[in-house]
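Numbering (the numbering used here), first residue to last: 474 to 619.
For reference, the structure discussed in these notes is given below.
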Amino acid sequence: MENKKTLSILIPLVSVFFGGVLILALTYIGYVALYFFIEANFIKNPQHFQMDKFRSSYMMFMILIYFLIDRSKIHDLFKAAALVSPLSMVLVVVVLRFYDRIPYAYLGIAFVLAGLLAWLILSKKPWYYYLSALITLGVSIAYAWP
474 MENKKTLSIL IPLVSVFFGG VLILALTYIG YVALYFFIEA NFIKNPQHFQ
524 MDKFRSSYMM FMILIYFLID RSKIHDLFKA AALVSPLSMV LVVVVLRFYD
574 RIPYAYLGIA FVLAGLLAWL ILSKKPWYYY LSALITLGVS IAYAWP
């Protein structure tokens, strides 16, 4: 009886953590690959590449993909792991947008996480969605923070 309860917590914990980190790694690899492809083939002067627009466009693309995943009949564990990727892109965009004004970055992160928390509560999502938000917060801050 106790083993089943332990497994019911441990399996989602491990699945969301490692699945989320794997999906996030693939997202960042795709981001860098797309950046290098566009820069090499379409931009004559790399100094003129508008990184903020590219980053924001990629973020919107990831959000769209996640909404398609969320509406599908895929298992909730995969959906929770997939949440790490677009949420990480949103947090990275917020931090890098306000890189020179860190208090605004804090405020932006707080607004994003408050919106996410409201969505998770109103949607009655399982606990491992909250875990994916914590994973994302840690990874994104480590990646984008000055």
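By construction, the Cβ of each residue, glycine as well, lies at the ideal position given by its N, Cα and C atoms.
Here the structure is a predicted model, which is why all the values come from computation and not from measurement.
Residue from the options whose Cα sits closest to the Cα of residue i
i, options, result
"L537", "L556, D525 and A606", "L556"
"S530", "V487, Y508 and F571", "Y508"
"G611", "K597, W600, I582 and W592", "I582"
"F571", "P619, L590 and A615", "P619"
"W620", "K477, E475 and S481", "With the chain represented from 474 up to 619, any question about residue 620 goes unanswered, as that position is not in the structure."
"H548", "K598, L607, I516 and N476", "K598"
"A606", "L497, K477, K517 and I502", "L497"
Distance cut-off 7 Å: residue i Cβ against heavy atoms of the ligand MG
i, result
"V489", "Questions concerning the ligand MG fall outside what the structure shown contains, since it holds no ligand whatsoever."
Residue j beta carbon less than 8 Å from that of residue i
i, j, result
"T609", "L580", "no"
"M532", "V505", "no"
"L569", "R544", "no"
"T500", "M535", "yes"
"Y602", "L595", "no"
8 Å contact criterion, which residue i and residue j should meet: CB distance rounded
i, j, result
"L550", "V489", "6 Å"
"L486", "L604", "7 Å"
* Asked: Are the region 493-505 and the region 550-568 touching by the rule of at least three beta carbon pairs closer than 8 Å?
  -> Taking a cut-off of 8 Å for Cβ pairs, the region 493-505 and the region 550-568 touch, as three or more such pairs fall below it.
* To do: Specify whether the region 560-573 and the region 582-591 touch according to this definition: at least 3 beta carbon pairs, one from each stretch, less than 8 Å apart.
  => As far as the Cβ criterion goes, the region 560-573 touches the region 582-591, which means the pair count is three or higher.
* Asked: Quick check: the region 572-579 against the region 523-530, are there 3 or more CB pairs under 8 Å?
  -> Contact between the region 572-579 and the region 523-530 is absent: fewer than three C-beta pairs spanning the two stretches fall below 8 Å.
* To do: Could I get the ranges of all uninterrupted alpha helix (DSSP H) runs contained in the region 516-604, with 4 residues as the minimum, in chain order?
  => Complete alpha helix (DSSP H) runs here, min 4: 524-544, 549-570 and 575-596.
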